[in-house]
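2 protein chains.
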Amino acid sequence: MKALILSIGDELLIGQTVNTNASYIADKLTEAGADVKKVVTVGDELDEIVTDIKAGLKNYDIVIATGGLGPTHDDITREAVLKAFDTRLVLSETVLEDIRERFRKYNRQMSPVNESQAMVPETAEVIRNEAGTAPGFWIEQNKKYFACMPGVPHEMKLMMDNFIIPKIRSLKKSGGTVSKRLNLLTTGIPESTLYQRLIPLEEIIEDAKLAFLPNVYGVKMRITATGANEADADEKLIRIEQRMRSVVGRFIYSRAEEELSVVLGRLLKERTLTISVAESCTGGLICDEITNISGSSKYFERGIIAYSNAAKVEILHVDEDLIAAKGAVSEECCAEMAKGVRAISGTDLGLSITGILGPTGATTTKPVGLTYIGIADSEKVVVKKFNFADNRINNKKRATHAALELVRRFLLGIQIEP
Amino acid sequence: MKALILSIGDELLIGQTVNTNASYIADKLTEAGADVKKVVTVGDELDEIVTDIKAGLKNYDIVIATGGLGPTHDDITREAVLKAFDTRLVLSETVLEDIRERFRKYNRQMSPVNESQAMVPETAEVIRNEAGTAPGFWIEQNKKYFACMPGVPHEMKLMMDNFIIPKIRSLKKSGGTVSKRLNLLTTGIPESTLYQRLIPLEEIIEDAKLAFLPNVYGVKMRITATGANEADADEKLIRIEQRMRSVVGRFIYSRAEEELSVVLGRLLKERTLTISVAESCTGGLICDEITNISGSSKYFERGIIAYSNAAKVEILHVDEDLIAAKGAVSEECCAEMAKGVRAISGTDLGLSITGILGPTGATTTKPVGLTYIGIADSEKVVVKKFNFADNRINNKKRATHAALELVRRFLLGIQIEP
C-alpha cells in the first residue's frame with residue numbers, strides 16, 4: 089500500500105511551524121505496514137490542494153491530508169475535497185451533536201461558524217474529533233483511499249490512532265500479513281557494540297526487521313515483525329525480545345517508550361526509597377528530569393547544585409583538603425558528594441555528579457568530558473568514570489541520563505561496568 | 089521568486105527524522121523575499137528525485153534540495169543531478185583540498201570514498217562545506233536556479249547563511265526591492281495585550297509586515313520591512329523598532345534571537361554580580377537554564393532544590409512556624425527562601441521560586457499554577473505572584489522563564505508589574 093502524506097498550511101511554507109505531523113503520520117503508517125513514498129506540503133491555495141489530491145490518488149493507494157479544516161476563511165481543505173471528489177456538503181447530525189456537546193461541556197456559546205463545521209462531504213465517512221470541533225473525513229473511491237484530518241497535533245494523533253491505523257490494518261488484513269512493532273530503549277551502550285552482541289542477527293530476529301535509532305540518550309531498537317495475523321506477529325516479537333534480552337538485557341530500560349525518569353521513579357516508589365542529588369557539572373538537569381514526573385515529591389527530597397567549591401564544602405561537607413589535593417572533578421570528591429547529600433537529606437540514596445562538560449574548563453590532566461557519577465546508600469558508595477565527547481548541552485543530557493541509569497542499575501543489582 | 093524545497097531521504101518517510109531542515113530553509117527563503125510554494129519529501133530513489141528536480145524547475149524559479157550527498161551507497165542525489173541536468177562529473181581541486189585539509193585537521197586517514205566526494209557536476213558552482221566533507225552545488229539554467237546541500241543540519245545551515253541567501257539577495261537586488269527582517273523577543277505579556285498596545289498599528293509599522301509568533305516562553309514579534317535597497321529597509325526597521333520599544337520596550341529582552349539565559353548572563357557579568365538560586369516547584373530547571381551557558385560559573389554560585397519543607401528549613405533557614413502558618417507556597421516563604429539562599433551563598437543576588445505546577449498538589453485555597461518568585465539583594469526582597477495555566481512540563485518552563493525575566497527587570501530597574 090503506497091502512501092502520500094499531504095500537509096496543508098501557509099505556516100509550514102514560511103518556516104513558522106516544523107512539520108511534526110508528517111513524521112508522526114509517517115511513523116504510524118510505516119508501523120501499520122504502509123509504504124510512505126512522498127510527503128508534499130502546500131499552502132492554503134484551493135487549486136493547488138485539489139491538484140495534489142487528484143495526483144496523489146492517481147499515483148498512490150492512499151492519501152493522508154492534514155490541515156486547513158478549521159472554521160476560518162483560510163481553512164479551505166473541505167472545499168478542495170468537494171472539488172477533488174465532485175461531491176457536495178450534507179449535514180452530519182453526529183458531528184453537530186459532537187460540537188454541541190463540546191460547547192456545553194466548556195460552557196461556551198456556539199456560533200454559526202461552529203455549526204457549519206457539521207457540514208461534511210456527502211461521500212465521506214466522518215472521523216469524529218475527540219479533542220476539537222473539526223471532524224475528519226475518510227473517502228474510498230475506485231479502491232483508493234483518502235483521509236483528511238485537522239492540523240492540530242493532538243486532534244490529528246487521536247484520529248490516526250483510533251480511526252486511520254485500525255482502518256489500514258483491516259484493509260491490509262484482507263490482503264494477507266500483519267506487521268507489529270516493538271521498541272526497546274537502551275542506554276549506556278554504543279550502537280556498534282549493541283550490534284556486535286546481537287550477532288548472528290538472523291538467529292535472534294528471524295525474518296523480522298531491526299532498526300537502530302540512536303539519539304543523545306541512547307539507542308532505540310525498533311523491531312518490526314510480520315505474521316499471518318496479529319497474534320502470530322505478537323508471538324514472534326515476544327520470542328525476539330527474549331533472545332535480545334538474553335544478550336543485551338541490562339541495557340534495556342523500557343519496552344514502552346517510557347523515559348528513564350519515569351522508569352526510575354516507579355522503581356523508587358515500588359521500593360519506598362527516597363533520593364537526594366548533588367550536582368555540579370549538570371547544573372540542575374538531573375533534578376529537573378526527576379521532578380518532571382508528577383508525584384516525584386514522594387521520592388525526591390532535595391538537590392544541591394554545588395557549582396562552586398565553597399558550596400561543596402559548606403553544604404555537602406566535602407573535605408577542603410581533599411578538593412585541594414585531588415580536585416573537584418575526581419573520584420574522591422564525587423564519593424564525598426554522594427555521601428554528603430545523603431547524610432544531610434536523610435534519604436535512602438544519595439546521587440552525585442562532578443565533571444567538565446566544556447567547552448572550557450579542561451586542565452592538563454583532565455580533558456573536557458571527564459565526569460564522575462556516584463551513588464551512595466547506607467552501606468557503600470559506588471563511583472563510575474565517564475568521558476562525554478559532545479557539546480556542552482548534549483554532554484549535560486548524556487551525563488544526566490547516565491546518572492539516572494546508574495541509579496536504575498544500582499537498584500536492580502545490575503552490573504554497572506559495560 | 090517562487091521556490092520549491094526538495095527534501096531527500098528515506099529516514100524522513102518512515103517518520104524517524106522530523107524535517108527541521110525544510111522549516112529552516114523556508115524561514116530563510118521567506119526572509120530573503122522568496123515565496124516558498126511547496127515542500128516535497130522523497131526517498132532515496134533515483135528516478136523519483138530526477139523527476140522532482142525537473143518538475144520543480146519547470147514550475148518554480150528555484151529548487152533547493154537537501155540530503156543524499158554523503159559518501160555511502162544510498163546517497164544518490166549527485167547522480168540525480170547529473171541526470172536531471174544532463175551533465176558529467178569533473179574533479180574540483182578546491183573541494184579535494186578542502187577534504188584533505190579536514191582530514192589533516194582531525195588527523196584521520198582519507199579513504200578513496202572521501203576523495204570521490206571532490207567529483208562535482210561540470211555545470212555546477214561548488215558550495216564549499218565548512219563543517220563536513222560533502223560539497224553543495226549551485227546550478228543556473230535558463231534563468232532558473234537549483235541548489236543542493238547535505239542533509240546534516242549544521243552543514244546545511246552554514247551553506248544557507250553564507251552562500252544561498254546572499255546569492256538570492258543579489259539575484260533579487262537586480263529585480264527591485266529588498267526585504268529585511270527583525271525579530272524582537274518578548275516575555276511576560278500575552279499576544280493580545282501586545283497587539284492592543286501597538287494600536288494604531290500602521291502608525292508604528294508603516295507598510296512593514298508584523299507577525300506574532302507565540303511559544304511557551306513568550307511572543308516573538310517578527311517585522312519584515314521592504315525597501316528600495318538594504319540600507320533603506322534597515323532604516324525602516326530601526327524606526328519601527330524605536331516606536332515599538334516606546335510602547336512595549338520593557339517586555340523585549342532580545343533583538344538578536346538570544347535566549348533569556350544568555351541575556352541575563354551577560355548582564356550579570358557586565359556588573360560583576362553573582363547569583364544563587366533556591367528552587368522548589370521548578371525542580372532544577374532554573375539552575376539548568378543558567379548553567380547551559382558556558383562561563384556561567386563566573387556568576388552562578390550554587391542552587392538549592394528545596395523540594396521538601398525540611399530542605400527549606402534546614403538549608404535555607406526558612407522559619408518552620410512560618411511554613412506551618414502560611415504554607416510553603418506563599419509570598420512569605422518565597423521571600424525567606426530568596427534571603428536564605430543569598431545569605432548562605434554570599435552572592436549579590438538570591439532568586440527563589442515556590443509554587444504548585446500540577447497536575448496534583450492543589451489545595452482549597454491554592455490552585456494549580458499558583459507560583460511565587462522572589463529576588464533579594466543586600467537592601468530588599470521583591471516577590472511577585474504568578475498563575476500558570478498549562479501542563480506540568482510547560483508550567484516548569486513558563487515559571488523558569490518568568491524567574492529569569494524577573495532578575496533581568498530587577499537589574500535594569502524596569503517596572504516588574506505589568
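If you read the protein sequences in the order shown, they are chains A and B.
Counting from 1, position 297 in the first sequence corresponds to residue 385 in the numbering used here; the numbering is continuous, with no gaps.
Counting from 1, position 6 in the second sequence corresponds to residue 94 in the numbering used here; the numbering is continuous, with no gaps.
Ideal placement from N, C-alpha and C gives every residue a C-beta, glycine not left out.
- Counting only Cβ-Cβ distances below 9 Å, A:V127 has contacts in chain B at S95, L100, L101, N107, V127, V128, T129, V130, in chain order.
- With fewer than 16 other Cβ atoms from the protein chains shown falling within 10 Å of its own Cβ, B:S199 counts as exposed.
- When DSSP states are grouped into helix, strand and coil, A:A299 belongs to the strand group.
- Taking 9 Å as the CB threshold, B:N380 lines the interface with chain A.
- Nearest CB-CB separation between B:G155 and chain A: not below the 9 Å threshold.
- In terms of Cα proximity to A:A219, the closest of A:T211, A:W226, A:V183 is A:V183.
- Straight across, the Cα-Cα distance linking A:K427 with A:T379 is about 21 Å.
- Within the stretch 388-473 of chain B, the complete alpha helix (DSSP H) segments of 4 residues or longer fall at 397-402, 408-414, 419-433, listed in chain order.
- Within the stretch 479-493 of chain A, those residues whose Cβ lies closer than 8 Å to any Cβ of chain B are, in chain order, R480, I481, K484.
- With a threshold of 9 Å between beta carbons, B:K116 makes contact with chain A.
- For A:A487 against A:C369, the beta-carbon gap comes to about 7 Å, under 8 Å, which counts as contact.
- Annotation for A:E99: T105 place their beta carbon closer than 7 Å to its own, counting only its chain and skipping 5 residues before and after.
- Chain B places no beta carbon closer than 9 Å to that of A:P241, leaving this residue out of the contacts.
- Assignment of alpha helix (DSSP H) within the stretch 276-328 of chain B, counting only whole runs of 4 or more residues, yields 279-285, 289-293 in chain order.
- For A:T160, the closest alpha carbon among the candidates A:E213, A:D409, A:V201 is that of A:V201.
- Contact annotation: the stretch 262-272 of chain A does not touch the stretch 214-230 of chain A, with fewer than three C-beta pairs closer than 8 Å.
- Secondary structure at B:N202: helix, using DSSP grouped into helix, strand and coil.
- Linking A:E279 to B:K386 through their CA atoms gives a straight-line distance of about 37 Å.
- Scanning its chain for C-beta atoms nearer than 7 Å, with the 5 sequence neighbours on each side dropped, one finds around B:V151 the residues L92, L94, I141, G144, L145, F234, in chain order.
- Classified as buried, B:D186 has 16 or more neighbouring CB atoms from the shown chains inside 10 Å of its CB.
- Under the Cβ criterion of 9 Å, A:G121 is not counted among the residues facing chain B.
- Within its own chain, the residues whose Cβ lies closer than 6 Å to the Cβ of B:L298, once the five positions on either side in sequence are excluded, are I311, listed in chain order.
- Bounds of the beta strand (DSSP E) holding B:A153 are 150-154.
- Annotation: the stretch 336-394 of chain A contains the following complete segments of the beta strand (DSSP E) (minimum length 3 residues), in chain order: 340-342, 363-367, 388-393.
- Taking B:E318 as the centre and dropping the five residues before and after it, the same chain places the C-beta of V266, K268 closer than 7 Å to its C-beta, in chain order.
- For A:S199, the nearest beta carbon of chain B is not closer than 9 Å to its own beta carbon.
- When only Cα atoms are considered, A:I381 and A:T175 end up about 49 Å apart.
- For B:A366 and B:L439, the gap between their C-alpha atoms comes out near 6 Å.
- Residues of chain A whose Cβ lies closer than 7 Å to the Cβ of B:Q104 are, in chain order, L301.
- By the criterion of a C-beta distance shorter than 8 Å, A:L445 is surrounded in its chain by C369, T370, V456, G457, T459, F476, R480, N483, K484, A487, once the five residues flanking it on both sides are discounted.
- A:G391 belongs to the set of residues whose beta carbon lies under 9 Å from a beta carbon in chain B.
- By the 16-neighbour rule on beta-carbons within 10 angstroms, A:Q503 is exposed.
- When only Cα atoms are considered, A:G315 and A:D478 end up about 41 Å apart.
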